[in-house]
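Going by my numbering, the sequence shown opens with residue 4, and the numbers climb by one from there. One structure is given below, encoded as structure tokens.
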Amino acid sequence: MKLACLLMLCLIPAVLIAAPPKEVSKQGERDWVDARYAKVKFGAFVSGHIATPKGSTHKGIAIRVGDKGEGTMVFDTDLCAWRAGWTGGFLKTDPARYGLIGALRPAGKMIFSNSAVPGVANLKGSYADPREPKSGPLPKSHARYKGLHLISGRVAIRYAIGDFDVFEHPWCKTEKGNEIKFFRNIRVRKNGLSLGFNHLQESGRPVDILKLVEKYNPELTVYATMNISQLDEPRRWGEPIVSNGIVDKRKTPFAIDTITIPFKNEHNALMFTAGHDFTSNGDCYVAMAHGDVWKVTGIDTGLQKVKWYRFATGLYQPLGLRVVKDQVYVLGRDQITRLHDYNKNGEADFYETFNNDIMIGGGGAFLRDVFGDGSGG
């Protein structure tokens, strides 16, 4: 008779599924080249170190724009600035060390690029960069990145300047002669009140939000008042992947049940498992090193229908994950992100910045875990 029956989540790294070509101690860089990351079905955005032309964007977000995804724009979360835009492709990945060590690179024709300078003026109208050294986010007195929303498949960047909440919607459209034009729709709120909605054709130029508010036209604020929690949207990643677990039936004091991971899946998502934690109802959230968070249900005594939902994508190498009061927090190389599912469709639609004070450069400085304090926070 078993003295204890422990249900354990056996998360076996994907690198162990295929036998290594030689002993680990004898392996070199060539043995860690793997191009599968390039085949992943990315979502509307991907966060990471992006090799933009006028200096790397170490905490960047590459965002698909256009009705057919024909353009890409890169937002710098440290500087609240648009660093580059191109057409004809999305991102090139580096196969070295499973795609986890090299920068992401633009794939296509470069349309615009900017140096690493603030993309917005502070409340005094200054664009000067006060940071010393020139790394990490701008001071909160200048601007602070607050996260991104997913609305009908499009990305809305959100940041704050003083008491002003700013939402930027990047996009592009094809004009006569097949020329692709980038633009940004910017809306501003203060204390829940919409103060303006502006359409900027100069897709990458810095802006003075106070000056935009002065041009406020009340006839252009319909979209600005939209409540994303009321949007009835289907899941972007479809139905869950169902797997069968393995219940340990041995008569042993330490039983280990195995949760089967869907390494082969329709999204070509890589299952390099990292941090995981549970909500109060037994659901499990699992972070994957290449940017996903999966929600896993059906972890019960039978393990007959374990369901894997692709809950969030596009994070920057999330290795740490913790659930606090049923709220999911993820630690990536760029920030701690709090994930919200406002429209209750089973997928994250607001990637809230909980803290982005992290200062990073290139290379392999991974952040591996996140912990709460003694009060449970």
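Beta carbons are placed, not taken as given, at the ideal position from N, Cα and C, and that holds for glycine. In this text, all values refer to a predicted model and were calculated from it rather than measured experimentally.
Once you ignore the five residues that flank V27 on each side, which residues in its own chain have a CB closer than 6 angstroms to its CB? none
Since I183 is in the beta strand (DSSP E), which residue starts that stretch and which ends it? Start and end: I183 to K193.
Contact set for T300: own chain, Cβ-Cβ below 6 angstroms, skip 5 residues either direction: Cβ neighbours of T300 beyond the five flanking positions: D286 and K310.
Where L107 sits in the DSSP three-state scheme: strand
Per DSSP, I2 is paired with what? Nothing about residue 2 can be read from this structure; the chain reaches only from 4 to 380.
K127: which of A110, G165 and K112 sits nearest, CA to CA? Ranking the options by Cα distance to K127, first place goes to G165.
Is it right to say R325 is buried, meaning 16 or more other beta carbons lie within 10 angstroms of its own, or is it exposed? Its Cβ being crowded by 16 or more others within 10 Å, R325 is buried.
Rounded to whole angstroms, what is the Cα-Cα separation between G156 and R239? 8 angstroms
Bridge partner(s) assigned by DSSP for V1: Here the chain has residues from 4 to 380 only, and residue 1 is not among them.
Does the Cβ of H202 have 16 or more other Cβ atoms within 10 Å, making it buried, or fewer, making it exposed? exposed
S283 classed as buried or exposed, judged by whether at least 16 other C-beta atoms fall within 10 angstroms: exposed
Have a look at L94 and S144 and give me their C-alpha separation to the nearest angstrom. As the crow flies, the alpha-carbon of L94 is around 33 angstroms from that of S144.
Cβ shell of V123 (< 7 angstroms), same chain only, five flanking positions each side left out: C83, A146, I164, P209, V210 and I212
Inspect the beta-carbon positions of G323 and V333 and report whether they are closer than 8 angstroms. yes
If you measure between the beta carbons of Y319 and S116, is that distance less than 8 angstroms? no
Residue span of the beta strand (DSSP E) that contains I244, given as start and end: I244 to S246
Less than 8 angstroms between the C-beta atoms of D168 and K193, yes or no? yes
Look at P56 and A106 and say whether their C-beta atoms are less than 8 angstroms apart. Cβ atoms of P56 and A106: not closer than 8 angstroms.
Are the beta-carbon atoms of R313 and A272 separated by less than 8 angstroms? yes
Just the Cα atoms here: how many angstroms apart are F78 and K347? Rounded to whole angstroms, F78 to K347 spans 27 angstroms at the Cα level.
Decide if Q338 is buried, meaning its Cβ has at least 16 other Cβ atoms within 10 Å, or exposed. buried
If you compare alpha carbons, which of Y354, L103, T304 and S129 is closest to K214? S129
Buried or exposed: A54, going by 16 or more other Cβ atoms within 10 Å of its Cβ? buried
In this structure, does DSSP put V68 in helix, strand or coil? strand
Less than 8 angstroms separating the beta-carbons of D295 and T316? yes
Can you tell me the Cβ-Cβ gap for F200 and R190, rounded? I've got them flagged as a contact below 8 angstroms. The Cβ separation is near 5 angstroms, so the contact holds.
Rounded to the nearest angstrom, how far is the Cβ of I302 from that of I249, given a contact under 8 angstroms? That pair is no contact at about 12 angstroms.
Roughly how many angstroms lie between the CA atoms of E355 and T255, to the nearest whole one? The alpha-carbon separation between E355 and T255 amounts to approximately 44 angstroms.
From this set, P265, V373, K42 and F48, which residue's C-alpha is nearest I244's C-alpha? P265
Buried or exposed for N125, please, with buried defined as at least 16 other CB atoms from any protein chain shown within 10 angstroms of its CB. buried
Quick one: what does DSSP say E222 is sitting in, helix, strand or coil? Confidence at E222 is low in this model, with a pLDDT of 46, below 50, so its placement is unreliable and the value that follows should be read with caution. In the structure shown, E222 sits in a helix (DSSP, three-state: H, G or I).
Comparing C-alpha positions only, which one of S59, V216, N268 and G305 sits nearest to K252? G305
Taking its Cβ as the centre, do 16 or more other Cβ atoms sit within 10 Å of G74, making it buried, or is it exposed? buried
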